[in-house]
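**Student:** Next up is a structure, given as C-alpha cells.
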DNA sequence: CCTGTGATCAGCT
DNA sequence: GCTGATCACAGGC
C-alpha cells in the first residue's frame, strides 16, 4: 500500500476533505496532522475550477491524488489535493495542521515558534511546509510528499467555508472537533461524524 | 476583543 | 481596472 493509498482521491471532494482530517501530511519530512480542510468542486461557484481549465488551475483538471498549488492574494502559496476523476476540477484546500514533524524548520520559515500559529491557515501551511509553484501538479504518493493514515479517528465537525463570497451556505469546511490548531474555531457542531 | 489596511498577482468583466 | 479559497500589523474599544 502506498502512503497515499489510505485514501481514495477518486471520491467526491467533500468526502475526501472529511477523510483527510486526522491524517498526517509531510513535505520533505516536515508537517503534521491535518485538522482543517475545505472542499471545492467544478459545480461550485466559489471554486477556481468553476469556469473551466486555465493555466493556473490546470492541475485541478489533472489526475486525482496530485497537488494543486496557487498564489493567494499575490502573496501566499496554498496547497490543495486534487479529487474525483481526472478532468473534473475538484479539490481539497489544506487549511490547518497540528505541527508534529520538523517544528524547528517550520519555526525558521515562519519566523515564529508558537506551535498554534505555525500552520493555522492555508497561507501559513504553505509557508511552514515550504510550498511553492514547484509543487504544483506533483503526485502526493511520492517525494517530497508524504501522507500517513490517521492513528486515531478524530471527531469531525463541518461548517461554512471561510473567505469566500459565493456559495457561503455550502458547509464544506471540515475540522477536527475541539482542535487548538484551527485557523478559526467552528461556531457550532452543525455536523459530526466518526 | 474588534476593525482597517498594505502587500502584490492571476484571472475575469 | 477590480476582486479574491490571506496574513500581519496597527490602532481603538
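Residue numbers (this note's numbering): 250 to 443. Beta carbons are placed, not taken as given, at the ideal position from N, Cα and C, and that holds for glycine. Remember, it's a predicted structure, so these values are computed and weren't measured experimentally.
#1: Given a threshold of 16 other Cβ atoms within 10 Å of its Cβ, counted over all protein chains shown, does residue 294 qualify as buried or as exposed?
#2: Applying the 10 Å Cβ sphere with the 16-neighbour rule, what's the burial state of residue 287?
#3: Considering only residues of the region 350-398, which uninterrupted alpha helix (DSSP H) runs meet the minimum length of 4 residues and lie entirely inside it, listed in chain order?
#4: Pull up the CB-CB distance for residue 277 and residue 364, whole angstroms please, since I reckon it's below 8 angstroms.
#5: When you compare only the Cα positions, how much space is there between residue 431 and residue 424?
#6: Per DSSP, which one or two residues make a beta bridge with residue 319?
#7: Which one or two residues does DSSP pair with residue 347 in a beta bridge?
#8: My output table needs one value for residue 339: the three-state DSSP class, helix, strand or coil.
#9: Cα separation between residue 380 and residue 407?
#10: Could you give the DSSP three-state label for residue 403: helix, strand or coil?
#11: Please go through the same chain and pick out, in chain order, the residues whose beta-carbon is closer than 6 angstroms to the beta-carbon of residue 252, but skip the five residues on each side of it.
#12: Runs of 3 residues minimum, wholly inside the region 256-303: which ones carry the beta strand (DSSP E) assignment?
#13: Tell me whether residue 425 sits in a helix, a strand or coil according to DSSP, three-state version.
#14: Could you check the C-alpha separation between residue 359 and residue 353 for me, to the nearest Å?
#15: Check whether the region 334-344 and the region 263-282 touch, using three or more Cβ-Cβ pairs below 8 angstroms as the test.
#16: Using the three-state DSSP reduction, which class does residue 413 fall into: helix, strand or coil?
#17: Round the Cβ separation of residue 279 and residue 428 to the nearest angstrom and send it over; I've been treating them as touching at under 8 angstroms.
#18: Can you grab the Cα-Cα spacing for the pair residue 250 / residue 411, in whole Å?
**Tutor:** The short version:
#1: exposed
#2: With 16 or more Cβ atoms within 10 Å of its Cβ, residue 287 is classed as buried.
#3: 352-359, 364-367 and 371-378
#4: The distance from the Cβ of residue 277 to that of residue 364 is about 19 angstroms, inconsistent with a contact at the 8 angstroms cut-off.
#5: 7 angstroms
#6: 327
#7: 282
#8: strand
#9: Whole-angstrom Cα-Cα distance: 26 angstroms.
#10: Of the three classes helix, strand and coil, the one that applies to residue 403 here is coil, per DSSP.
#11: Residue placement at residue 252 is flagged as unreliable, the pLDDT there being 47, under the threshold of 50; the coordinate-derived value follows with that caveat. In its chain, beyond the 5 residues on either side, 390, 395 and 396 have a beta carbon closer than 6 angstroms to the beta carbon of residue 252.
#12: 273-276 and 279-289
#13: strand
#14: Approximately 10 angstroms between the Cα atoms of the pair.
#15: yes
#16: It is coil, neither helix nor strand.
#17: With 8 angstroms as the limit, residue 279 and residue 428 do not qualify as a contact, their Cβ atoms being about 19 angstroms apart.
#18: Note that residue 250 scores a pLDDT of 46, beneath 50, so its modelled location is shaky and nothing firm can be said.
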